[in-house]
Amino acid sequence: MPDAFAAALHRRRPAALLLALAGVVLGLAGFFTAPATDFVGGFGLVGDRLASGGVALNARSPFPSEPEPANQMRREGAMLQGGFFLKGRQTAVRVNPKTNKPIRFLMHVKAGDTVQVVSGKDKGKVTQVIKTFPKWNKVLCLGVNFNIKHVRPQREDEVGSRVQVEAPMHSSRVMHYDTEQGVAGNLGIRIEKLDNGAIVKMRYNKATGARIPLVEPPEWVPVLDRE
């Protein structure tokens with residue numbers, strides 16, 4: 268029994284007794300209605316976002332999720348170290364202190380590029396970039412870095428499901444891949460003169476010297492609906 272409740276009961280003060288009793292009831296209600304942890308295993312983020320190697324519980328969408336800031340404790344830990352990173356992991360979007368605008372990473376891949384995974388559980392797989400996240404320096408690739416989502420029903424006539432979706436991963440885990448020669452290499456930029464006399468910057472694969480074409484990114488479809 269809380270001290271305030273015991274003191275009010277001993278002194279027989281009705282007003283204090285009612286206030287103490289109300290505080291106990293509100294405290295118990297907040298305890299039992301607090302949300303449970305959204306992730307089992309891996310490194311969980313907030314909401315229904317997936318982390319590498321994790322399982323998202325009570326997710327609201329069966330589609331791939333975008334990166335989100337870490338919890339408040341991790342963000343505060345990163346700020347104490349004078350930045351937006353904690354133990355090598357980005358905890359929040361970098362912000363310019365003078366303009367208060369987000370700082371974007373200069374990424375070596377674009378949506379639609381054919382890449383090869385060079386580290387992690389899908390090392391060696393060739394895939395295609397679906398979407399890039401410059402604020403987080405992450406990419407979403409087709410058919411790699413799968414995670415499990417437990418999607419909860421949003422209406423009474425819906426049924427929950429357990430789906431497999433791709434999760435964003437750090438862009439340093441992929442390299443440009445030359446499909447003709449089967450070689451992965453770093454990104455290179457060179458100046459070329461076109462037939463019409465225009466001078467343009469051209470992306471190429473440093474390992475083979477071949478140009479990297481601009482391709483429309485593939486449309487994401489659920490795993491069960493793929494051929």
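Sequential numbering of the sequence shown, starting at 268, is according to this note's numbering. Beta carbons are placed, not taken as given, at the ideal position from N, Cα and C, and that holds for glycine.
For K460, the beta-bridge partners assigned by DSSP are I466. V362 and G379 have their C-alpha atoms some 28 Å from each other.
Each residue's CA atom was taken as its position, placing A337 and Q357 some 8 Å apart. DSSP, reduced to helix, strand and coil, places V362 within a strand of the structure shown. Its Cα nearest to that of I370, the residue F400 stands out among F400, R341, M346 and K392. DSSP, reduced to helix, strand and coil, places M346 within a helical segment of the structure shown. At least 8 Å separates the beta-carbon of N472 from that of H437. Taking the C-beta atoms as reference points, C408 is found no nearer than 8 Å to I415. Restricting attention to L481, K460, E423 and I456, the CA atom closest to the CA of Q395 is found in L481. D492 carries a helical assignment under DSSP once its states are collapsed to helix, strand and coil. In this structure, A477 lies away from E433, with their beta-carbon atoms at least 8 Å apart.
When DSSP states are grouped into helix, strand and coil, R356 belongs to the strand group. For Q448, the secondary structure class from DSSP, reduced to helix, strand or coil, is coil. Of the residues A323, G344 and H375, the one whose Cα lies closest to the Cα of I456 is H375. Excluding residues up to 5 positions away in sequence, R341, G344 and A345 lie with their Cβ nearer than 6 Å to the Cβ of L353 in the same chain.
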